[in-house]
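Protein sequences appear in the order of chains P and C. For the first sequence, my numbering assigns the number 160 to the initial residue and increments by one for each residue that follows. For the second sequence, my numbering assigns the number 160 to the initial residue and increments by one for each residue that follows. Glycine is no exception: its CB is placed at the ideal position from the N, C-alpha and C atoms. Structure first, then comments.
Number of protein chains: 2
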Amino acid sequence: MPYRRTEKTQARLDSQRGEILAAAVALLAETGYAGCSMAAVAARAGVGTGSVYRQFPSKADLIVEVFREVVSREIASVEAAAAQGDVRERVVAVIETFAGRALKAPRLAYALLAEPVDAVVEAERLVFRRAFREVIAKAIADGVTRGLLPPQDAEATAAALVGAGAETLVGPLAGNGGPDTIPNLVTFTLRALGSSDPGRSS
Amino acid sequence: MPYRRTEKTQARLDSQRGEILAAAVALLAETGYAGCSMAAVAARAGVGTGSVYRQFPSKADLIVEVFREVVSREIASVEAAAAQGDVRERVVAVIETFAGRALKAPRLAYALLAEPVDAVVEAERLVFRRAFREVIAKAIADGVTRGLLPPQDAEATAAALVGAGAETLVGPLAGNGGPDTIPNLVTFTLRALGSSDPGRSS
DNA sequence: GTCTATAGAACGATAGAC
DNA sequence: GTCTATCGTTCTATAGAC
């Protein structure tokens, strides 16, 4: 009788895959890509390196999946933040969520935004930024339609805001994130949108 | 009598170094890092690969020097653009110069801003962006002092503007740089500065 | 009994220390 | 320039599912 993978076995494999991913995510958040050696991931997940390779054909595949996993969390947070309120509130919520999370988990944010990675992961980075851009562009387009913002190319403004956020945060992530980092970014954003009242952080 | 490098020999070596650098710069502008193999650079410069290695200990050293060479040109252009006029004019000139040059030499701009490179060159990229930031921050600080701009952290705003510019341009560099790319960016910038009149591109 | 999944050693490449 | 440590990856022996 030929061997047939049973449902139970399949479930165990699936859960093992999840554990490996979780271990890799944790390592990424703690030590960046440097700490994500296959051996370290395997050890953290409590499996052998061979088992990691059963689930992921190569390290690049594993890392790309880890990246997607973490990014989808970030996108989800930001989308939730953008769900309600007027244009200003939505955009401010997006910025504060994005930046707040980054400053709370600087090592992870650095890995997502700026740490040198190979070209495959770099491509995922573009997807990441594009997703953020879309969330912001939607809010802006909405604001323009309702006459709350001056006419503008929503995609272009959104792209610029994503770049501004990333650039602003990379410095602080390396060390000193002054307490004004986020308020500064929010003020900048509101002005850039052409929102009539830039608002104050106090 | 020991061998002594004559002045003439030294001069020839220096000029050869310049030719190799020029060849590498040209290749970088045409084909990015991919085209910058040591062999291709040597061929373009009309020397043997051995001569390239005589001048540069490793490919990384060569590339870093090429990067610095190109970047210093960009910085110089931008500094020249920022030399005169009021705050608005200066900042607009910086953005238009930066973006205009990028759109005219997209392959090179992509290599400078976004193409995946190894960590050593990535470090140079930070230097590059920091230099841009300083030029802009100076103009902003000046504007704030003169009361032409609302109070703000000039460094933070400048960082955000550099990020906005880079992000805005990376998309177009990959393909379609619409004719509105630069005006959009200028409008965005002026609004973000809090300049009372955002200005129009028409 | 047959075949699979697993752990971990072994291998070649490469980067960093000295 | 040499050497060592470490990395990603492959291989193999074993335990266990079928």
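Burial state of residue i, where buried means 16 or more other Cβ atoms lie within 10 Å
i	result
C:L267	buried
P:R171	exposed
P:A193	exposed
P:E248	exposed
P:L308	buried
C:S231	exposed
C:E326	buried
P:Q243	exposed
P:Q169	exposed
C:T316	buried
P:S174	exposed
P:E166	exposed
C:D312	buried
C:L285	exposed
C:T304	exposed
C:P318	It should be pointed out that residue 318 of chain C corresponds to Ala in this sequence rather than to Pro. Buried.
P:A241	buried
C:R359	Its pLDDT being 46, under 50, C:R359 is placed unreliably in this model, and the coordinates cannot settle the point.
C:S217	exposed
P:T346	buried
Check whether residue i and residue j have beta carbons under 8 Å apart
i	j	result
C:A188	C:A261	no
P:V250	P:T348	yes
C:R350	P:R350	yes
P:V294	P:V329	no
C:A270	C:G322	no
C:G324	C:L344	yes
C:V211	C:V229	no
P:L186	P:R213	no
P:V246	P:A298	yes
C:S296	C:E283	One point to set straight first is that residue 296 of chain C is Ala, not Ser, in the sequence displayed. Not a contact, by the Cβ cut-off of 8 Å.
P:I341	P:A258	yes
P:A219	P:D301	no
P:A183	P:V225	yes
P:A273	P:I234	no
C:P275	P:E281	yes
Chain P residues whose Cβ lies nearer than 7 Å to that of residue i
i	result
C:V321	E326
C:A296	The contacting residues do not exist; C:A296 stays about 12 Å from chain P at best.
Where residue i meets chain C, residues with beta-carbon distance less than 8 Å
i	result
P:R350	R350, A351, L352, G353
P:D277	P275
P:A315	T327, D339, T340, N343, L344, F347
P:D312	D339, N343
Partners in chain C for residue i, counting only beta-carbon separations shorter than 9 Å
i	result
P:L262	In chain order: nothing, as chain C lies at least about 14 Å away.
Residue i Cβ short of 7 Å to the ligand MN heavy atom set
i	result
P:A201	Ligands are entirely absent from the displayed structure, and the ligand MN is therefore not among its contents.
Residues that residue i contacts on chain C, provided the C-beta gap is smaller than 7 Å
i	result
P:E281	P275
Alpha helix (DSSP H) runs wholly inside the segment 253 to 338 of chain C, at least 4 long, in chain order = Counting only runs of 4 or more, we get 265 to 272, 278 to 304, 313 to 332.
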